[in-house]
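A.B. asks: Structure in structure tokens, see below.
Set out below in structure tokens:
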């Protein structure tokens, strides 16, 4: 099985930026993360012992947030591109919200 950044979904990419990194070794890519509940997870570019990867990631050849963060730190994924994408998505959401409010005001409130 080959875990691919191409299978990385938006939500996981965003969450990868917020994970609590205990240590990262980029020479032989591996990392240790501390979960929100205090559990310790070990990740390489191909494996992670977190429940999300064990249940979902292996089935979809998709990285969990821990593997995604390691990919970011090792340069497999461009961190700036992820940040730009997040900013773009937030701007799109704001624009959509404004259009919905305007349309509601126009059609329902008659403004």
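In the numbering used here, the protein residues as written are 231 to 341.
Idealized CB from N, CA, C, for every residue including glycine.
How is the beta strand (DSSP E) around residue 256 delimited, first residue to last?
C.D. replies: It is not in any beta strand (DSSP E) - residue 256 carries neither H nor E in the DSSP assignment.
A.B. asks: Which value, in whole angstroms, describes the spacing of the CA atoms of residue 318 and residue 333?
C.D. replies: 22 Å
A.B. asks: I'd like the span of the beta strand (DSSP E) that includes residue 292, first residue to last.
C.D. replies: Segment: none, residue 292 is in no beta strand (DSSP E) and carries neither H nor E.
A.B. asks: Below 8 Å between beta carbons: does that hold for residue 243 and residue 312?
C.D. replies: For residue 243 and residue 312, yes; Cβs fall inside 8 Å.
A.B. asks: Mind checking who residue 270 pairs with in its DSSP beta bridge?
C.D. replies: 264
A.B. asks: Compare the Cα-Cα distances from residue 274 to each of 321, 306 and 324 and report the closest residue.
C.D. replies: 306
A.B. asks: Looking only at DSSP bridge pairs, what is residue 250 linked to?
C.D. replies: 264
A.B. asks: Near residue 258, which residues of its chain fall below 7 Å by C-beta distance, leaving aside the five closest residues on each side in sequence?
C.D. replies: none
A.B. asks: Can you tell me the Cα-Cα spacing of residue 330 and residue 255, whole angstroms?
C.D. replies: The alpha-carbon separation between residue 330 and residue 255 amounts to approximately 46 Å.
A.B. asks: According to DSSP, residue 278 sits in a beta bridge with which residue or residues?
C.D. replies: 273
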